[in-house]
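The listed protein sequences derive, respectively, from chains A and B.
Reading the first sequence from the start, the letters are residues 4 to 124 in the working numbering.
Reading the second sequence from the start, the letters are residues 867 to 1016 in the working numbering.
Every residue gets a Cβ at the ideal spot worked out from N, C-alpha and C, and that includes glycine.
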Amino acid sequence: MRVLVVDDDPLAAEMTAAVLEDAGFEAVQAESGTAALEVLSTDPSLELVVSDMNMPGISGLQCFQALRARGDERPFVLLSGDDPQALRASEPGLDACVRKDFDLESTLGQAIADVLAARRP
Amino acid sequence: MRPSRKAPAGCSFEGWFLVSRDIDTKTEGSAFLREKLKKLQDAYLARLPEALATLQKLSSALAADPDAEVVVADLHRAFHSMRGTAATLGLPQISSEGAIGTELMASFKSLTPDQRRQAAAATLHELAACTARIEAAGKAAMQPADPEKD
Chain A
4 MRVLVVDDDP
14 LAAEMTAAVL
24 EDAGFEAVQA
34 ESGTAALEVL
44 STDPSLELVV
54 SDMNMPGISG
64 LQCFQALRAR
74 GDERPFVLLS
84 GDDPQALRAS
94 EPGLDACVRK
104 DFDLESTLGQ
114 AIADVLAARR
124 P
Chain B
867 MRPSRKAPAG
877 CSFEGWFLVS
887 RDIDTKTEGS
897 AFLREKLKKL
907 QDAYLARLPE
917 ALATLQKLSS
927 ALAADPDAEV
937 VVADLHRAFH
947 SMRGTAATLG
957 LPQISSEGAI
967 GTELMASFKS
977 LTPDQRRQAA
987 AATLHELAAC
997 TARIEAAGKA
1007 AMQPADPEKD
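In structure tokens, the structure reads:
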């Protein structure tokens, strides 16, 4: 499965991509919400989005909202240093929110597994 | 192996062994992931002086104009980003200081223009102290672990 990683911080993006690759996904990186919206509009092979929340320009949440506004229903996982439950409560449409911490490989992997299971027909 | 770091001279806060999480103790993830994490941690620490210079530059801009919304937003984002990325890369001390900076800027952001002008000096003082602690934590994290302390 191809996953789009969106983060303006290249080291954070690379870490997230490494976690995903280690879990068997193919990770593609976008450096901003704007770049993500562009690549998602032309690449249907990207099946899931993992985005940082706090980015200059379009935030992760705004990127999610822009996708849904144009009818793109691909699963969207938001990463943030903030409390993930509060973020999820502020935007219940999000598929998952994961805190950026040292346990990312377990928390992100579990979140994606849950999202994909919930989406399974 | 538990990491053991010595606090640089002049630093008094506790928990220095947590300045950098020991990647070898991670039980999850593959050798590939641990190696990648180590490389990214090293890269992050190498670029930390540049990030600190940016924080200092933004702080100077804030001192010149406490109402500059772009500067306030950039400072908040810079500390917030530091909090998240450092946590992900196993640098909890830097992440904690990033959280302190984030809270300081969130509070400052919520002030009226008059309140900002009154609070600017104190906030800048706290930001400078926070930035100094981040610098110290970065230097401590780059020191090799002392094997005699394991």
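A Cβ-Cβ distance of about 4 Å is found for the pair C66(A) and G36(A), placing them in contact under the 8 Å criterion. Looking at the DSSP output, C100(A) sits in a beta bridge with L81(A). For F898(B), the number of other beta carbons within 10 angstroms of its own is below 16, and it is reported as exposed.
A Cβ-Cβ contact shorter than 8 Å links R5(A) with S48(A). The C-beta of H991(B) comes no closer than 8 Å to any C-beta of chain A.
In the three-state scheme derived from DSSP, where H, G and I count as helix and E and B as strand, A15(A) is classed as helix. Assignment of S896(B) by DSSP, reduced to helix, strand and coil, places it in the coil class. A distance of 8 Å or more separates the beta carbons of R71(A) and S83(A). A121(A) and T978(B) have their C-alpha atoms roughly 45 Å apart. V52(A) is bridged by DSSP to L7(A), F79(A). Judged by DSSP secondary structure, A998(B) falls within the alpha helix (DSSP H) whose first and last residues are 979 to 1008.
S947(B) is a Cβ neighbour of N57(A), given a cutoff of 8 Å.
Taking all protein chains in view, the Cβ of E29(A) is surrounded by fewer than 16 other Cβ atoms within 10 Å, so the residue is classified as exposed. Taken through DSSP and simplified to helix, strand or coil, E29(A) comes out as strand. Your pair E963(B) and R999(B) checks out as a contact, with CB atoms roughly 5 Å apart and the cut at 8 Å.
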